[in-house]
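For reference, the structure discussed in these notes is given below.
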Ligand code: PMP
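Residue numbers (UniProt numbering): 1 to 375.
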């Protein structure tokens, strides 16, 4: 029977307790949310939702075409200029998702005959970018500049090193300064995915490259998502103007994809302007992360010290991680659950996000529930 093998796979997943299903989130969820990526609590901010509504009324429900045909509005240009300026880069290009931005950046910067050096802990979208790229990929040990140096030593053509700035599984940060130094030794480019850094790291949330003085350098390209700290949807690539112009001409997920919807563009622009006006939101997200981590470890839980707003708590097994997350939910707390195949090392975790708008009382409640339900 056609697609019969799918049932076998589903059965195997079900038996292993790893079958994924979708659960609608009610508009007014009673759960305490430590699962979403709305780090700054902006997704439902009235200025952000009004930015979306205004844009939709003015420009329509969709972008109506690809960016090179009818899909570019004034709003797209404003968002690109303001995002580049905020993060300290020369230029920016907005995509329909962070995923599409990563596919674009990796494939366009890794032509035939080139070498891509990719951290073993990178996000799936960077991994898929490597798979689609014409260049050859070498995956290197996690957060290991020496391994990157060795890999770069094997190449002869153009090279690009690809890394998350903050890794989505454990919330640890990449050694960006050292990576940049190694890249410069070999004349390689450095492409970093700042999905979890924008809005959280750097002065006022200007992102990880800004925080370490790499923003705007001629050999640094960053990608961001508009769907986490900025509470919208979409993604962007930031870098030197010549790189951005190259993407307009060479990146297939830019050329052949419908432009970012006006509502998402308007929401992201409103959130960015809000973040400029209220820079303390970024520091507050970092502070909440530190407090949450301190309380988790004080109650005997094994949590990775957060470099941004993502905190990972180890679970003994995939099955226990799933049950732990379900028990938290039953007790009124939404947490993320990472387990194989989404984790590179086979270790299952609860994944918590430290939102800037969480109160101390809410943090106490979250830690109590996680402690009481632990396997
Ligand atoms: N990079 C990283 C590190 C991410 O965590 C995510 C989101 N899960 C993405 C890229 C993809 O971004 P988007 O959701 O906007 O497609």
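Positions of the beta carbon are idealized from the N, C-alpha and C atoms, including for glycine.
Which of the three DSSP states, helix, strand or coil, is assigned to residue 358?
coil
Give me the residue from 285, 190, 129 with the minimum Cα distance to residue 38.
285
Please check the pair residue 158 and residue 114, which I expect to be a contact at CB under 8 Å, by giving their CB distance rounded to whole angstroms.
4 Å
Which residues bound the beta strand (DSSP E) around residue 352?
349-353
Close Cβ partners of residue 267 (< 6 Å) along its chain, the five nearest in sequence each way excluded:
48, 51, 52, 232
Mark residue 264 as exposed unless 16 or more other C-beta atoms lie within 10 angstroms of its C-beta, in which case mark it buried.
buried
Segment limits, beta strand (DSSP E) that includes residue 247:
Following the DSSP letters along the chain, one finds residue 247 in no beta strand (DSSP E) but inside the alpha helix (DSSP H) bounded by residues 241-250.
Report the partner residues of residue 312 according to the DSSP bridge assignment.
DSSP output for residue 312 lists 351 as bridge partner(s).
Where do the ends of the alpha helix (DSSP H) carrying residue 9 lie?
Residues 4-15.
In chain order, what residues of the same chain lie with their CB nearer than 7 Å to the CB of residue 376, ignoring the 5 residues before and after it?
Because residue 376 is not part of the residues shown, which for the chain are 1 to 375, the question remains open.
Ends of the beta strand (DSSP E) at residue 189?
189-193
Same chain, Cβ closer than 7 Å to residue 60, five either side skipped, listed in chain order
262
Check each candidate in 240, 228, 252, 24 and name the one with the smallest Cα separation from residue 353.
228
Between the segment 340-355 and the segment 308-319, do three or more beta carbon pairs fall short of 8 Å?
yes
Around the Cβ of residue 29, are there at least 16 other Cβ atoms within 10 angstroms (buried) or fewer (exposed)?
If you draw a 10 Å sphere on the C-beta of residue 29, you find fewer than 16 other C-beta atoms in it, and that means exposed.
The beta strand (DSSP E) enclosing residue 21, as first and last residue numbers
The continuous stretches of beta strand (DSSP E) do not include residue 21, and DSSP gives it neither H nor E.
Reference residue 66; option with closest CA among 58, 315, 206, 254:
Closest in alpha carbon position to residue 66, among 58, 315, 206, 254, is 254.
Checking the sheet assignment: what are the DSSP bridge partners for residue 40?
Answer is none; residue 40 lacks a bridge partner.
Which residue's Cα is closest to the Cα of residue 270: 55, 33, 24, 32?
55
Beta-carbon proximity list for residue 248, same chain, < 6 Å, skipping 5 on both sides:
None.
Integer Cβ distance of residue 176 from residue 212, believed to fall under 8 Å:
5 Å
Looking only at its own chain, which residues have a Cβ that is under 6 Å from the Cβ of residue 426, when we skip the five neighbours before and after it?
Lying before the first or after the last residue shown, residue 426 is absent from the chain, which here runs from 1 to 375.
Out of curiosity, what's the CA-to-CA distance linking residue 355 and residue 196?
Residue 355 and residue 196 have their C-alpha atoms some 12 Å from each other.
Residue 256 to residue 300, Cα distance in whole Å?
50 Å
The ligand PMP and residue 336: does the residue's C-beta get closer than 7 Å to at least one heavy atom of that ligand?
no
Taking contact to mean at least 3 C-beta pairs separated by less than 8 Å, is the segment 83-102 in contact with the segment 291-307?
no
Using only the alpha-carbon positions, how far apart do residue 23 and residue 342 sit?
18 Å
Below 8 Å, can you find three or more Cβ-Cβ pairs linking the segment 93-107 to the segment 142-154?
Segments in contact, no.
Whole beta strand (DSSP E) runs in the segment 251-320 with 3 or more residues, listed along the chain?
310-314
Tell me whether the beta-carbon of residue 121 lies closer than 8 Å to the beta-carbon of residue 169.
Taking 8 Å as the Cβ cut-off, residue 121 and residue 169 qualify as a contacting pair.
Whole-angstrom Cβ separation of residue 236 and residue 101, contact assumed at under 8 Å?
6 Å
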